[in-house]
Each structure stands twice: as C-alpha cells, then as structure tokens.
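Sequences listed follow chains A, B and C, in order. Here the working numbering = 1-based position in the first sequence + 278. Here the working numbering = 1-based position in the second sequence + 18. For the record, in the third sequence the residue sitting at position 417 is 407 according to the working numbering, with numbers rising by one throughout. Backbone N, C-alpha and C define an ideal beta-carbon position, used for all residues, glycine too. This report refers to the structure that appears directly beneath it.
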Amino acid sequence: MSFYGLVDGTDASLKSYLGNLSGVDQVGAEARAAMLATRSIKTTSKRWAIDTAITMVDLTTLEGADTPGKVKALCTKAVRPDPTDSSVPSVGAVCVYNDMVSVARTHLDLIGGQYVPVAAVSTAFPSGRASMPVKIQDTQDAIDAGAAEIDMVIDRGAFLAGRYIDVFNEIVQIREVCGDKAHLKVIFETGELVTYDNVRKASFLAMAAGADFIKTSTGKVAPAATPPVVLVMLEAVRDFYEMTQVRIGVKPAGGIRNTKDAIKQLVLVNETVGPDWLNPKLFRIGASALLNDLLMQRMKMDDGYYTSPQYVTMD
Amino acid sequence: MSNRIDVKKTYKLYINGAFPRSESGRTYEVKNAKGVFVANPCLASRKDLRDAVVAARAAHPGWNKATAYNRGQILYRIAEMLEGRRGQFVEEIVNVTGITKVKADKEVTQAIDRLVWYAGWTDKIASLAGSTNPVAGPFYNFTIPESMGVVAAIAPESPSLLGLIDAIAPIITSGNTVVVLASTKAPLSAMTFAEVLATSDLPAGVINILTGKKDEIAPWMASHMDIDALDISGLSSKKHADIKVAGAENLKRIHSFKSADPGRIIAFMEAKTVWHPIGL
Amino acid sequence: METTMTFEYAPAPESRAIVTIKPKYGHFIGGKFVPGGKHFPTINPATEEVLSQIALGGKADVDAAVKAARKAYANTWSKMSGKERGKYLYRIARIMQERAREFAVLETLDNGKPIRESRDTDIPLAAAHFFYHAGWADKLEYAGLGTSPKPLGVAGQIIPWNFPLLMLAWKVAPALAAGNTVVLKPAESTPLTALLFAEVCQQAELPAGVVNIVTGDGSTGALIVNHPGIDKIAFTGSTEVGKIIARAVAPTNKSVTLELGGKAANIVFDDAPIDETVEGIVNGIFFNQGHVCCAGSRLLLQENVAEEVLHKLKNRMEKIRVGDPMDKNTDVGAINSKEQLAKIIELAAVGDSEGAERWSPACTLPNKGFWFAPTIFTGVTQAHRIAREEIFGPVLSVLTFRTPAEAIEKANNTPFGLSAGIWSEKGSRTLWASQQLRAGVIWANTFNKFDPTSPFGGYKESGWGREGGRHGLSGYLKGVSHE
C-alpha cells in the first residue's frame, strides 16, 4: 500500500508524520468557530442550505430495540421525508447496525429508493472493544448484506495509550475488507479524544491509512460534533488535499439537532475547505431529529408562517 | 375598609434554586414584636443541610468558571430586584423585629447598596489579592487568588437582612457557593430575599438558604467534610471553640467578621502561585 | 443538486429602523442639548450619504462646557460619595446594554465598520467599561494610590474616529469613577454615538454638567487643550498631534495622558499553531479595517515557516468579505473617510515604489463610499517606509527573521511601543519574548483582545499612561507624592 507516500507503514514513520503536525490552539480554534457561527444565512441561501442539508443527512437508527418494523419506517422516511411534498429531496443514506442492513436494503429497493445507500456501523460499534477477527467479520457481514458504506470506530484505548500504529493498521485492514464495494468512514469519538491536537492527529492518521471519510462521533458520547471539532477536521482535510490532491469527506454526527446547527456546519465547510465539499459525496451529517426540523424550516420558508411538529411525520 | 382576607405566604427553604419544605416536615413559630403569630417557617434539619451542600458543590464549577464580569452583573441584578421590592422588605422587618420604619428603611437601603458594593468587587479583587512576584531566577511567577469551593455561613440575628447580605455576598463574589443559616428569630426577610435571588439569573445552587436553629445546624456544618470553609460571624463567640475543633477534621478555613471590607472576600480565597521558566 | 454549487450568502442586512438620526445636532452642555453655531455634515463612509449636520464647537461653546463641568464638579460631583457616583455609572452601563442594538447600528452607519463588530465587540466592551469602573468609584482607597486619592477636577477628552463609543467609554468611565467631570470632543467624522450617549446620560439622570459633549474638528480640540479651566487632558489619536499637545501643556499644570500610534510587530515562531496564527494575523491587521492603533501591521515570520504561513494567509484572505457594513456577514467595512483613504493609497504606493511585492485577494468593491482591499506587502525590511510609518488601514507589511533575538531586535526597532503579538506553542519562549519586547500590550497566541480590567497603553512614542484596570485609574487621580 502506498499511503499516498506519506508514511511507509512502520511505527517510526507514522510517529514522525504525526509528530510534525502543527498544534491547535484551543482558544483560537473555538474563537474561529464562534465567529463563523455568526454568519447570517437568509432567504435564498437558507433555502438552498436546507435542501442541501437534507441530502447530506445519514438518517440513523442505532438502538438495541431496533426491529425490522422500525428500520422499514426509517427507510420510507429517508426516501420521502415529507409525504405531502414530493419536492423534498431524499436523504444521503440510511445508517443501521449490520444485522439490519439487509432489511434496509430490501425495503429501500422496494419503495424506489435504490439510489439511497445503506451505511452500516461496524468494528464493535460504539466501543470498538473486540478482537480484530470479530471487527473484520462485523464489516464483512455488513458488506455481504448490501452495505455500500462502512462507519468504523477507531480503538480509542490504543490511541490514548500512544499505540498509533495499531490504530493505523486496524483502519488499513478494514479498508481492505471494504475493497471497492464500500466507502469507509472512520469514527474518532472526539469526545473521548478530548483535545483538538488529538483530533488533528487522528484525522491525518486516518486519512493516510485510507479513510474515505473522517467522522466525529458515534452519537453515543457527548460532546460530539461541536463546531470547533468539525473545524479542526475540515482544516486537516484541506491540508491533506494540498498534500495529495485527494478529497476526503467529513461527517459530523451527534448534537446537530436543528436547522441552525446544520447551517453552521455548512458555513464551516464553505469557509474552510470550500464549496467543492458542499455535497453528499464529501459531507454528511449523522442525525435523526434534525431531519424534521429541516422540514419544518423548509415549510416556514415556503408558507411564510411558523409550523408545528404535527405537520411532519415522526418516522 | 373591606373585609378582604389576605393570601398569606408560606415560607419554605431555598435549596438548588427551588423552594422545598424541610425533609423533616418540622416548622417553628415566628411571632412579631407584639407577640402575634406571623408565620411557620421551616425548621431545617441536618438532612436539609446535607442536600444544600450537594447542591452548592454541584453549582461550584459553573459559578467559579463564570467570568468575574458575569458574576458582578448577577450581583448587581440581585440589587436591582431588591430595590424594586424594598417596600415589602421594610414592612416585613418592621413587623417581625419591631424596629421603627425609619430604621428598617435605612437597613434595606444599606443592604441594597452593600450588594452593589460587592458587585463591583468581582473583577477587582484579583488586583488586590493577586500579584506577580519578582523571584530571584528566570521564572515568571504569579499568584492568583481562587475561590475555595463550598462555604457555609451563619448569619447574625440582627440586622436580619443586612447581616444576611454580609454573610452571603463576599463568599460568592469570588466564585464560591454558599449555604447560609438565616437569623432564627427573624428569618422571613431571608426567605423573601430568596425570592429575589430566584428572579436574578442566579444559577441554581450558588446560594442556598436554610431557616432553623443555630445549635442544631452549626455543629453539622462544622463536621461536614464536603464544606471547605465557614463564616461563623452570626454565632455567639462562646460557641466558636467547639466549631473550630469539629472543623479541624478537614481543616476548614473558619472566620468571623465584624464588618464588611475586601478582607472578607479574600478570607474565602486560596492563593495559587505558579512558576514558569522564561527562556528560549 | 449540482456538486460544486457555491454557497453565496444572500444579503443579510441589519435594519436601520431602530435608529432615529436628527437632521441637525447641537452640543450637550450642562445636561441639555443646546444649539450650535456653524454646522458641518457627518456622512456614512460606505455610501457617502449625509447622515446629519453637526455643530462646529467654537470658543463660546468650549467656554460654556468647561464652565458647566467646573460648576458640576464644585457643587455636585466632588461632594457626592463614591457610592452614589458609582450608581450613576451602573445606570449608564445598564442603559447602554438595553440600547445596545441601537448604538451598534448607529456606530456602523457613522463609522463604516461592520455591524458584526459594532454589535459583538464595540458596544459590549463599552458597556462593560462603564460597569467595571462603576465599581471603582467607592473603592478608590484600594487602587494603590493612597488612602484617599483625589480627583483632578475637569478633564478635557479628545477621542478618535476608529472606535467612537468605545473610546468614549475608555475616557468617560474612569474619569467619572474617580470623581472628575468631563468635556469630551468626539472625532469630526464620528460624533453620532457620543450624541446618543448624551441621551443615555439624561435617562440615567446624571447630574447636569458632569458630562459635556462638544462636537467639532481639530480647532475645537485645540480650544479644549488650551483652555485654562481644564485640569487634565486625555487624548487618543496620532503621535504627531500627541506631541503638539504635550508641548502645548508643558508650561501649565495640566495632567496629560496620551494614547497614540503604533506599528506593532506580530511575531510568528516556527512552532506556532498555524491555523490559529493565520486567524490572528488576519484579525490583527484587517479587524476594523486596520484602523487600530495597536494593529499587528508588521508581520515578522520566522524564515523557515514563512512560505507555509504566507500560503495559508493568502488562502484565508480570499475568504474575507468586504462590503456593506450593515450586512451581518461583512468582515471588512469602509475606510472611515476620504482623507484616510487617500493616506492609505499613498502609503501603499510608497510600498510599491520601495520594491515590496503587493498582493490582494480579488474583491468587488462598491462604487460609492471609501474602500480599500485587504493588502499584504511581502519582501519588506526595516528600512522600508511601510515598515516604519503607521498606515492605519488594511495593509500588512511582511518581514522575516532567523532567530528569536533577531525577531525581538526588529520588533523593538521603532519609535513606537504600543503592542506586539507572539505566536508559539512554547511557553518559556513566549514569556521570554514578552519580557524582551518594549510594548505596553503583548498578545500571545491571540490579538486585539481588550477588557476593562486589562491596562492598555504604550511605551515610547505610543503615549503616556494606561487605560483600564487599576493602573488606568491613576490617570484621573492625584497621587500623594506628585507635585
């Protein structure tokens, strides 16, 4: 594997690559994110942002209580978010546990959602605490069942213990399992990495190892996709593009509950990596409640008055 | 002259931003200066104290991290709210303590102005109690005064409102949170003051007010291992020794004051000194 | 959905409806608005629209103002307890907070700075300044100036156009807290928020004559400086005028504080946190259109990271939004006046002629109004005029250095000494550099940060005295030992 020529696969080479990264000043990064949050997105830009955000949503259900009934309902919502308005676009993907992938895929195909991919969380999501063979099998099962996207978690224990090469090799192996059948998102669980320096390191590590997307969180730990964390990841992606001419995607997940939050994310993308990333191929938002708020804001813009949750479907 | 029946107030405790009754269910009678029944305020128990300390501890990190400006604005807001209700306080003090309206008015005025005075200290006390120290070496050495944590206070019997302000404000100015036992004989101003606090953007748990008996509550304050310091200005000096003995178990910082000055604020702060080399 | 649609932000204008600008203003003397004599226009520099006619204060107006200030001092203000004085200042602070949006819109219309800056920086800091100083009024014995320091009397205060309301707050709040009364002259091109402030004084029921506002131009300022009834002069403006004032008051007993120009070095070491550093560089010189005395106008890059930093800086500058100051998404607004624009253009031309390499991102600048694109000059050295003279506009001169000692030497190699920036992740080096730098305000891994508790002022030709914090009080109080 070439790893873009950035590392040679050895521990020493990886440590040198990560050690040369410049640091992140917490206060400065948070100030930049806060300034970008003051952008006022109105009228036509807001309408465009809402529709764009809808196409970027990875509509998610990851509960122990998930049943085929629940997953099918989610898939229907994913394809037709508003049954009364066919101008509303479909979401970016449906995200489920690997044993629900085939239910999702089958149902999506049944209702005309062939173009909506199924993403599966894998590698002992959300904790990442299992043996490598189990993680590989977890991934393989999902792909066999029809997942076109794999959202893996890194081993945070290994990362915090400084065993970066182990984290790296796991990503490399899962990438291999994905082959050309699925794109790979690598979840950092930024709430557990805590520092922006760690997030920056994890970003460069994952990208060199073959990630197609870097993702903030599992959604099970707070804080999750805060604006400064996403900013730091976007800056890493921007720098990586300069180094390699390869565009890696970014997915914030968790804590993005309403339209205002989603638009703040789009502004971050726009003013950090630029408009080339403002599409579902390079930016996704992991969410569940967000979709209805996007729909309600969309309704308000079209109708001119405030609406109520009664006018959107619960799933 | 109508025969309208007043809606009389029920006086409860103020813990964690809410107004619970004592978990013991007990109350005691407060009569006015003429011996006429006024109210049944709660007789707080050690468990109420325990709950108040839990609330104060939980509130400490947030209050401590708030900017000095923010704390100052909240203290000033409390003064705004108190000023707006001064008439009610004057009436209550006159009724319960029997002092003249002129004296009660003066006390309420002083209480409001005292709060404003403390509000202006939040962002200045560091100028007074902090420093950079010219150590004999290539180090940047600075001393920062910090809040301690949870402080318990016993307010004096009188003046019931002004004494309460002096028991509470210097403690919270720097970022501590407080549990205060109000005057036993004249507790009503304290609880009406709690209503002022509840409308002042004060985060829950920063100030907790109990009404009850000093002899019952003070020893439990003294022995509580999660209280960092005590202000026993309101306790008779005969009882101080016993309190200090009990407080020695976790080396509480225990103080008693006669007046208001910035020393009262600094007494409940810890000085942290930091060394950092200066060099390439 | 197209894959590379640009995310153009639709116009997001702040509404003007909240302000009422009178067609004509007089002065504010003795607690009342009084008519002026001659008038001159104040314009919106973004559109050149005339906003109002402003009175040109002459000898009679200044005399009346000083008289009112003296009367208020002698009869009311010096007799009042600090406790009560403080409460007036608290009232003023609270009313400013209440009318914050109104002040912000007015400031942007009159000054040309983006509404986001007026709203999020200027006005909140101005209110905070009053709130902070309100609390000193009854605590002066703790200021380190003796057990009962005395005010000076009547202060004449002359403020610049770059942060009109904030500079007013920096002058008026400590003066009043210390027990002085004031005659304040706002800048010629930005008088409106000072005149609105006069209304706040009335709403706060501030005793008549404690604050007096006389509008006008340089001649009005000279009348104030030279008036025998003034005990203290506080001036913020150019070093050139500061020296004129220093000479003028030399034969008198007047106290003077001066807050003058700067040519701050913003030093970037090779271990700086790069992305935040680039933000700091941009903020340091393009915030407020570069109309900042403490602007980081000389970028000193460690030579081994110069290329990387410049590359990122240019990419970042492409995203700066220059335009209508009333649009909430504007980052850089209009240059304050035609005169200032001419100065910036002239000095930028000097940069060209000196052989420095000029670069600006592509910018569509509006047709009307006064505009200058954010600009950097690379290949600048200390011997260039653009490394030495204050441009007071969005123009950055970029120099390099090899070692920390060389960085300090270059940074200090200027008659100015107002501020400096240090970018590094190594604490000991940051503290070492801050120890070596001859500047009154040093920002490490940040820039252009202000707080009422933090003293501000310069070394050398950047001025005399400090504003803010405990140190700032001494400018308005008689110490025990001074003659």
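Taken through DSSP and simplified to helix, strand or coil, Ser409 of chain C comes out as strand. Within the stretch 541 to 553 of chain A, contact with chain C at the beta-carbon level (separation under 7 Å) is assigned to Leu544, Asn548, Glu549, Pro553. As for any beta strand (DSSP E) of minimum length 3 sitting wholly inside the stretch 399 to 454 of chain C, the runs are 409 to 413, 431 to 434, ordered along the chain. Below the 9 Å Cβ cutoff, chain A contributes Asp303, Val305, Gly306, Ala309 as neighbours of Thr436 of chain C, in chain order. For Pro38 of chain B, there are no neighbours in chain C by C-beta distance under 8 Å, as the nearest C-beta there is about 33 Å away. Going by C-alpha positions, Tyr449 of chain C is about 12 Å away from Ala254 of chain C. Chain A has a Cβ within less than 8 Å of the Cβ of Gly270 of chain C. Among the residues facing chain C, Ser145 of chain B is included, as its CB has a counterpart in that chain under 8 Å away. With respect to the 8 Å criterion, Leu248 of chain B and Ile261 of chain B are classified as neighbours on the basis of their beta carbons. Contact of Pro263 of chain C with chain A by beta-carbon distance below 7 Å involves Ser300, Gly301, Val302, Asp303, Gly306.
The C-beta of Arg106 of chain C comes closer than 8 Å to at least one C-beta of chain A. Chain-ordered listing is empty here: chain C has no CB closer than 8 Å to the CB of Tyr29 of chain B, the nearest sitting near 31 Å.
Thr66 of chain C and Val204 of chain C have their alpha carbons spaced roughly 21 Å apart. Contacts with chain C at 8 Å (Cβ-Cβ) do not include Trp293 of chain B.
Taking all protein chains in view, the Cβ of Arg456 of chain C is crowded by 16 or more other Cβ atoms within 10 Å, so the residue is classified as buried. For a cut-off of 8 Å, the C-beta gap from Pro152 of chain B to Ile296 of chain B is around 12 Å, too long to register as a contact. In this structure, B:Leu253 is the residue among B:Leu253, B:Ala84, B:Thr118 with its C-alpha nearest to the C-alpha of Thr202 of chain B.
For Glu513 of chain A, the C-beta contacts it makes with chain C under 8 Å involve Asp265, in order along the chain. Tyr29 of chain B has its alpha-carbon roughly 32 Å from the corresponding atom of Ala86 of chain B. Less than 8 Å separates the beta-carbon of Phe362 of chain C from that of Gly383 of chain C. One finds Gly125, Lys129 in chain C with Cβ atoms closer than 8 Å to the Cβ of Trp139 of chain B, taken in chain order. Between Cys284 of chain C and Val431 of chain C, the CB-CB gap stays under 8 Å. One Cα belongs to Ala395 of chain C, the other to Ala423 of chain C, and the distance between them is close to 9 Å. Inclusion of Met378 of chain A and Val349 of chain A in the CB contact set at 8 Å is warranted, their separation being smaller than that value. Spatial neighbours of Asp475 of chain A in its own chain (CB-CB distance under 7 Å, excluding positions within 5 residues in sequence) are listed in chain order as Gly301, Val302.
Segment contact: the stretch 185 to 192 of chain B against the stretch 64 to 76 of chain B, fewer than three CB-CB distances shorter than 8 Å; contact not assigned. About 37 Å separates the beta carbon of Ala51 of chain B from that of Thr140 of chain B, a gap too long to meet the 8 Å contact definition. In this structure, the alpha-carbon of Thr161 of chain B lies about 5 Å from that of Ser149 of chain B. Within the stretch 412 to 433 of chain C, those residues whose Cβ lies closer than 7 Å to any Cβ of chain A are, in chain order, Glu415. Sequence-distant Cβ neighbours of Met239 of chain B in its own chain, meaning closer than 7 Å and more than five residues away, are Leu67, Ala170, Ile245, Leu248. For Cys191 of chain C, the secondary structure class from DSSP, reduced to helix, strand or coil, is helix. Residue pairing for Leu133 of chain B: DSSP places it in no beta bridge.
If you look at Gln292 of chain C, you'll find it isn't in any alpha helix (DSSP H); it sits in the beta strand (DSSP E) that goes 288 to 292. The stretch 227 to 242 of chain C and the stretch 79 to 97 of chain C do not touch, with fewer than three beta-carbon pairs separated by less than 8 Å.
Pairing Ala397 of chain C with Val370 of chain C gives a Cβ-Cβ distance that is not under 8 Å. Residue contact with chain C for Lys529 of chain A: absent (no Cβ-Cβ distance below 8 Å to any residue of chain C).
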